[in-house]
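Comments concern the structure below.
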Ligand SMILES: NC(=O)c1ccc[n+]([C@@H]2O[C@H](COP(=O)([O-])OP(=O)(O)OC[C@H]3O[C@@H](n4cnc5c(N)ncnc54)[C@H](OP(=O)(O)O)[C@@H]3O)[C@@H](O)[C@H]2O)c1
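In this note's numbering, the protein residues as written are 690 to 968.
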């Protein structure tokens, strides 16, 4: 079995980043499969040497190691319809799904299945190529496939970690809160600052030291000790004034209320723990 030879399926952001990184990590891309030849041609345009492009079914049979970088909803369909080599290793990169979604490939072709999720955001291919080294990669599945995934992660400079299959969806929920949740929150802060006449560039210049100190404090002290602001002080009049200020932005107002309630709960839990330990 040659696990240095990879069939890559799905020329999206993750697939294109993998196509850029794998060859310099000692892997050969035996085939790059996808449903749209034009997308595939565009994906390989700057690769040297360019891998062979083909249909998804062809790609599943081209290597002993198949890496699925398609969107989550398409993974099971490919595991059902692919023509895999007997005993091949099949990996997907979804954070939310376990390796069991690949079960059809195991049942029909005796494949070894695993999932490997790079805990990183692929906003653009260029950014992802730079950010992946040093990022963690969470892996679960059949042992030979999980070990192959660990080798790929290490070759790409990532730090492999095992995770229980039953924890994947919850783990990924945390990742989404930390990444797209944070993005949405930053966007809300940016919009609110704009309502106060602060332009986007000024927002980032003026608010970055505050955001960076918050990030450092939460990490070093924990959320309860790092918490400041009206929810911490119990300044309900200030909270109501903030809600009034957002009256013409009902979505932002709703978000502010949720976050403020959550901050108050963190504060209450800490105070009640403090009381218990003093008793
Ligand atoms: N984006 C991230 O930050 C990130 C991080 C870690 C892991 N992941 C995981 O990586 C995987 C790919 O995500 P992505 O961000 O690269 O998504 P993406 O940029 O939207 O690309 C998705 C790819 O899936 C293909 N696809 C969609 N539906 C299909 C179908 N029915 N049959 C065959 N192919 C289909 C698309 O094909 P076309 O090219 O023809 O449109 C495209 O190549 C997902 O499992 C995701 O959970 C993503």
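The beta-carbon is built from N, C-alpha and C at its ideal position, and this holds for glycine as well.
Cβ separation of residue i and residue j, assumed to be a contact under 8 Å, to the nearest whole Å
| i | j | result |
| --- | --- | --- |
| residue 802 | residue 762 | The pair is not a contact, with the Cβ atoms about 18 Å apart (cut-off 8 Å). |
| residue 698 | residue 759 | 6 Å |
| residue 731 | residue 693 | Not a contact, Cβ separation roughly 26 Å. |
| residue 710 | residue 821 | 7 Å |
| residue 702 | residue 811 | 4 Å |
| residue 719 | residue 751 | 5 Å |
| residue 785 | residue 858 | 5 Å |
| residue 780 | residue 806 | The pair is not a contact, with the Cβ atoms about 10 Å apart (cut-off 8 Å). |
| residue 787 | residue 854 | 4 Å |
| residue 808 | residue 768 | No, residue 808 and residue 768 are not in contact; Cβ-Cβ is about 23 Å, not under 8 Å. |
Simplified DSSP state of residue i, which is helix, strand or coil
| i | result |
| --- | --- |
| residue 845 | coil |
| residue 966 | Reliability fails at residue 966, whose pLDDT of 48 lies under 50, so the model's placement of it is uncertain and the value that follows must be treated cautiously. The answer is helix: DSSP assigns residue 966 an H, G or I state. |
| residue 840 | helix |
| residue 868 | helix |
| residue 772 | coil |
| residue 707 | helix |
| residue 932 | helix |
| residue 726 | helix |
| residue 852 | coil |
| residue 750 | coil |
| residue 691 | coil |
| residue 804 | strand |
| residue 778 | strand |
| residue 904 | helix |
| residue 755 | strand |
| residue 791 | helix |
| residue 910 | helix |
| residue 696 | strand |
| residue 742 | strand |
| residue 764 | helix |
| residue 882 | helix |
| residue 813 | coil |
| residue 828 | strand |
| residue 714 | helix |
Among the options, nearest to residue i - alpha-carbon criterion
| i | options | result |
| --- | --- | --- |
| residue 838 | 947, 756, 940, 742 | 756 |
| residue 860 | 825, 840, 842 | 825 |
| residue 814 | 736, 727, 949 | 736 |
| residue 712 | 738, 875, 728 | 738 |
| residue 884 | 902, 866, 914, 941 | 941 |
| residue 955 | 822, 695, 922 | 922 |
| residue 744 | 786, 872, 700, 690 | 700 |
| residue 793 | 902, 947, 729, 770 | 770 |
| residue 798 | 818, 780, 772 | 772 |
| residue 928 | 911, 953, 904, 728 | 953 |
| residue 894 | 879, 907, 904, 747 | 879 |
| residue 740 | 834, 696, 779, 949 | 696 |
| residue 1002 | 933, 915, 948 | In the structure as shown, the chain starts at 690 and stops at 968, and residue 1002 therefore has no counterpart that could be examined. |
| residue 957 | 906, 913, 807, 932 | 913 |
| residue 777 | 789, 690, 943 | 690 |
| residue 844 | 823, 939, 808, 932 | 823 |
Burial state of residue i (16 or more Cβ within 10 Å)
| i | result |
| --- | --- |
| residue 671 | In the structure as shown, the chain starts at 690 and stops at 968, and residue 671 therefore has no counterpart that could be examined. |
| residue 967 | At residue 967, the pLDDT of 47 sits below 50, so the modelled position is not reliable; the number obtained from the coordinates is stated separately. Flag for residue 967 reads exposed. |
| residue 749 | buried |
| residue 753 | buried |
| residue 707 | buried |
| residue 920 | buried |
| residue 851 | exposed |
| residue 900 | exposed |
| residue 829 | buried |
| residue 876 | exposed |
| residue 846 | exposed |
| residue 842 | buried |
| residue 722 | buried |
| residue 791 | buried |
| residue 795 | buried |
| residue 704 | buried |
| residue 960 | exposed |
| residue 817 | buried |
| residue 729 | buried |
| residue 680 | Summary: the structure shown does not reach residue 680, with the chain confined to residues 690 through 968, and so no result is reported for it. |
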